[in-house]
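A.B. asks: Handing you this structure, nothing more for now.
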Amino acid sequence: MSQLDHKSEAWSALFSEPVSDLVKRYTASVFFDKRLWLADITGSLAHAAMLERQGVISATDGAEIRRGMAQVRSEIESGAFEWKLDLEDVHLNIEARLTQLVGDAGKRLHTGRSRNDQVATDVRLWLRGEIDLIAGLLEDLQKALLDLAEKNAEVVMPGFTHLQVAQPVSFGHHMLAYVEMFARDHERMLDVRKRVNRLPLGAAALAGTTYPLDREWVAQELGMEGVCQNSLDAVSDRDFAIEFTAAASLVMVHVSRFSEELILWMSQNFGFIRIADRFTTGSSIMPQKKNPDVPELARGKTGRVVGHLMGLITLMKGQPLAYNKDNQEDKEPLFDTVDTLKDTLRIFADMAGGITVQPQAMEQAALKGYATATDLADYLVKKGLPFRDAHETVAHAVKAATSHNCDLSELPLAVLQQFHPQIEKDVYDALSLRGSLNARNTLGGTAPAQVRAQLARHRARLAA
Ligand code: ARG
Numbered sequence: 001m002s003q004l005d006h007k008s009e010a011w012s013a014l015f016s017e018p019v020s021d022l023v024k025r026y027t028a029s030v031f032f033d034k035r036l037w038l039a040d041i042t043g044s045l046a047h048a049a050m051l052e053r054q055g056v057i058s059a060t061d062g063a064e065i066r067r068g069m070a071q072v073r074s075e076i077e078s079g080a081f082e083w084k085l086d087l088e089d090v091h092l093n094i095e096a097r098l099t100q101l102v103g104d105a106g107k108r109l110h111t112g113r114s115r116n117d118q119v120a121t122d123v124r125l126w127l128r129g130e131i132d133l134i135a136g137l138l139e140d141l142q143k144a145l146l147d148l149a150e151k152n153a154e155v156v157m158p159g160f161t162h163l164q165v166a167q168p169v170s171f172g173h174h175m176l177a178y179v180e181m182f183a184r185d186h187e188r189m190l191d192v193r194k195r196v197n198r199l200p201l202g203a204a205a206l207a208g209t210t211y212p213l214d215r216e217w218v219a220q221e222l223g224m225e226g227v228c229q230n231s232l233d234a235v236s237d238r239d240f241a242i243e244f245t246a247a248a249s250l251v252m253v254h255v256s257r258f259s260e261e262l263i264l265w266m267s268q269n270f271g272f273i274r275i276a277d278r279f280t281t282g283s284s285i286m287p288q289k290k291n292p293d294v295p296e297l298a299r300g301k302t303g304r305v306v307g308h309l310m311g312l313i314t315l316m317k318g319q320p321l322a323y324n325k326d327n328q329e330d331k332e333p334l335f336d337t338v339d340t341l342k343d344t345l346r347i348f349a350d351m352a353g354g355i356t357v358q359p360q361a362m363e364q365a366a367l368k369g370y371a372t373a374t375d376l377a378d379y380l381v382k383k384g385l386p387f388r389d390a391h392e393t394v395a396h397a398v399k400a401a402t403s404h405n406c407d408l409s410e411l412p413l414a415v416l417q418q419f420h421p422q423i424e425k426d427v428y429d430a431l432s433l434r435g436s437l438n439a440r441n442t443l444g445g446t447a448p449a450q451v452r453a454q455l456a457r458h459r460a461r462l463a464a
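If you read the sequence shown in UniProt numbering, its first letter stands for residue 1, the second for the next number, and so on.
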């Protein structure tokens, strides 16, 4: 029996009794960390190849490890692999099976290594792959929003501040605001990736090792950008996971704000959009209902991801150097963050394609709250009035329109001229929704010409 097989009894000759079943279950992580299996095998193969190159293990042992690991891999892929709670985690499970298959060569794999640097390496390798998938999904979502923005560049909706009608904006412009957010999220993910993609392996338990390891070679072999330069830090910090979860939380916050708007917009009171039926559900009692469950759930799941950030950051705060078992608790929040984020991004890219805009309802709403009052003020400024005076003059005009229960553009010219004699017929261009929109033709503004310029910039960026 190998030492690892003994583990179900007690760790080693040092222990006089095995752990209780409850403690075994409490300390084991295999049922969630088995998800790291491919990273674990990849890291082990690179470690073994390096040991062989450095003459720490023989070429025969190296070949045996490769042969055994190929078998372990195919067993895991086919589902034949038997995961054992007794073997605590993914690392010990894989090593034990390898040793069963190839004997002593398997027992030599752990030379110059500890589970402390092994697990930190596995999590980083796995997370790097997930970040790449997430970056791709963030691009897909941006492209879906660009399509929606392009289709609706000319559609006017009320822009809000304080959820009060403020100024007319293009619906396309509104969508491009989210493209900006998700573009920054993408950038943030790639930035986090640089710090995730560094190699702890070779730090061993905490202090380095007595074998002549070539850590730089392993880093290169694993496509990592560098080596963690301090062994204590390498095995103990999980700041890379915290940073990732913070970036993920921001993505979710952006998704959540978008969700909130979709929910408002598809309510009967707004009626700005419809979303495809496949993203809505009915009510068990009210036959008329179509509920925006998907955006509501995304808004809810944002709390869950932000919760994981709080969990991870709290996990670190009291830990003395170096590795502590607390760190095993990094996995479930991290895994759930990745799962939630990927599902959410996939569903939103699809849902963005299923949004139909109701331009008339948007225009009607934009006509309600004196959205072009600023345009009248700007008109007067162009006639020579100081802005503050123009602002005050328009306030009087709004008051008059309110008492006539009409929009500024519906006040007769004679009435408007009572507020300022220089007001002429061309004021109605300024007061129209479209005139207002077209006039905001500065970089980053809502004029359709600007929207189209931004669309082109985003398209080029995403094609590169
Ligand atoms: N399952 C452990 C973890 O996730 C692996 C490292 C265990 N190391 C130790 N010294 N007990 O962190």
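A virtual CB, placed ideally from N, CA and C, is assigned to each residue, including glycine.
Where do the N-terminal and C-terminal ends of the beta strand (DSSP E) with residue 279 fall, by residue?
C.D. replies: From DSSP, residue 279 is part of no beta strand (DSSP E); its letter is neither H nor E.
A.B. asks: Identify the continuous alpha helix (DSSP H) that holds residue 270 and give its terminal residues.
C.D. replies: Premise fails: residue 270 is in no alpha helix (DSSP H) and is neither H nor E.
A.B. asks: Could you pull out every residue in the same chain whose Cβ sits closer than 7 Å to the Cβ of residue 1, ignoring the five residues on either side in sequence?
C.D. replies: In this predicted model, residue 1 has a pLDDT of only 42, less than 50, meaning its place in the structure is not dependable enough to derive any value.
A.B. asks: Please return the same chain residues whose Cβ sits closer than 7 Å to the Cβ of residue 143, not counting the five positions on each side in sequence.
C.D. replies: Answer for residue 143: 462, listed in chain order.
A.B. asks: Any heavy atom of the ligand ARG closer than 7 Å to the beta-carbon of residue 233?
C.D. replies: Not under cutoff, so the answer is no.
A.B. asks: Evaluate residue 11 with the Cβ neighbour count: other Cβ atoms within 10 Å of its Cβ, from every protein chain shown; 16 or more gives buried, anything less gives exposed.
C.D. replies: Exposed, since its Cβ has fewer than 16 Cβ neighbours within 10 Å.
A.B. asks: Can you tell me whether residue 106 is buried or exposed? The criterion is at least 16 other CB atoms within 10 Å of its CB, across all chains shown.
C.D. replies: Burial call: buried.
A.B. asks: Measure the beta-carbon distance from residue 213 to residue 121 and round it to whole angstroms, keeping in mind my assumption that it falls under 8 Å.
C.D. replies: 13 Å between Cβ atoms; not a contact.
A.B. asks: In angstroms with no decimal places, state the Cα-to-Cα distance between residue 420 and residue 360.
C.D. replies: If I take the Cα positions, the gap works out to 32 Å.
A.B. asks: So for residue 465, helix, strand or coil by DSSP?
C.D. replies: Any answer about residue 465 is impossible in this case: the structure gives the chain only from 1 up to 464.
A.B. asks: Who are residue 356's beta bridge partners in DSSP?
C.D. replies: DSSP, once it has assigned bridges, lists 274 as partnering residue 356.
A.B. asks: Taking C-beta to C-beta, are residue 376 and residue 397 nearer than 8 Å?
C.D. replies: The answer is yes: Cβ separation under 8 Å.
A.B. asks: Below 8 Å on the Cβ atoms is my guess for residue 168 versus residue 436; work out the distance and round it to an integer in Å.
C.D. replies: Right, their Cβ atoms sit about 5 Å apart.
A.B. asks: Report buried or exposed for residue 543, applying the criterion of at least 16 other Cβ atoms within 10 angstroms of its Cβ.
C.D. replies: Residue coverage of the chain in this structure runs from 1 to 464, which leaves residue 543 outside it and unanswerable.
A.B. asks: From what residue to what residue does the beta strand (DSSP E) around residue 158 run?
C.D. replies: That run of the beta strand (DSSP E) goes 156-161.
A.B. asks: I'd like the ranges of any alpha helix (DSSP H) spanning at least 4 consecutive residues and lying wholly in the UniProt domain "Argininosuccinate lyase C-terminal" (370-438).
C.D. replies: Entirely contained in the UniProt domain "Argininosuccinate lyase C-terminal" (370-438), the alpha helix (DSSP H) runs reaching 4 residues are, in chain order, 373-382, 387-404, 413-419 and 427-431.
A.B. asks: For the ligand FAD, is there a heavy atom less than 7 Å away from the beta-carbon of residue 25?
C.D. replies: This structure lacks the ligand FAD; the ligands present are the ligand ARG.
A.B. asks: So what does DSSP say about residue 2, is it helix, strand or coil?
C.D. replies: At residue 2, the pLDDT of 49 sits below 50, so the modelled position is not reliable; the number obtained from the coordinates is stated separately. Coil.
A.B. asks: Quick check: is any heavy atom of the ligand ARG less than 7 Å from the C-beta of residue 319?
C.D. replies: No; taking the cut-off as 7 Å, the Cβ of residue 319 has no heavy atom of the ligand ARG nearer than that.
A.B. asks: Taking residue 312 as the reference, which of 374, 245, 367 and 300 has the closest Cα?
C.D. replies: When only C-alpha atoms are compared, the closest one is 245.
A.B. asks: Measuring alpha carbon to alpha carbon, tell me which of 249, 271 and 108 ends up nearest residue 306.
C.D. replies: For the residues 249, 271 and 108, the minimum Cα distance to residue 306 belongs to 249.
A.B. asks: Any idea what DSSP makes of residue 112, helix, strand or coil?
C.D. replies: Three-state result, residue 112: coil.
A.B. asks: For residue 285, count neighbouring Cβ atoms within 10 angstroms of its own Cβ and tell me buried if that reaches 16, exposed if not.
C.D. replies: So residue 285 counts as exposed.
A.B. asks: Look at the alpha carbon of residue 6 and the alpha carbon of residue 340, and state the distance between them as a whole number of angstroms.
C.D. replies: Because residue 6 sits at a pLDDT of 47, beneath the cut-off of 50, its placement in the model cannot be relied upon, and the following sentence gives the value as read from the coordinates. Straight-line Cα distance between these residues: approximately 38 Å.
A.B. asks: With distances taken between CB atoms, is the gap from residue 38 to residue 65 smaller than 8 Å?
C.D. replies: No. Outside cutoff.
A.B. asks: From residue 28 to residue 90, what does the alpha carbon distance come to, in whole angstroms?
C.D. replies: So the two alpha carbons sit approximately 10 Å from each other.
A.B. asks: Beta-carbon within less than 6 Å of residue 367's beta-carbon, same chain only, minus the 5 sequence neighbours each way: which residues are those?
C.D. replies: So the list reads 407, once near-sequence residues are dropped.
A.B. asks: State the CB to CB distance for the pair residue 85 and residue 25, rounded to an integer number of angstroms; the pair is presumed to be in contact (CB under 8 Å).
C.D. replies: Confirmed, about 7 Å.
A.B. asks: Between which two residues does the alpha helix (DSSP H) holding residue 48 run?
C.D. replies: Its alpha helix (DSSP H) spans residues 37-53.
A.B. asks: Please go through the stretch 163-231 and give each complete alpha helix (DSSP H) segment of 4 or more residues, from N-terminal end onward.
C.D. replies: Complete alpha helix (DSSP H) runs here, min 4: 171-196 and 215-221.
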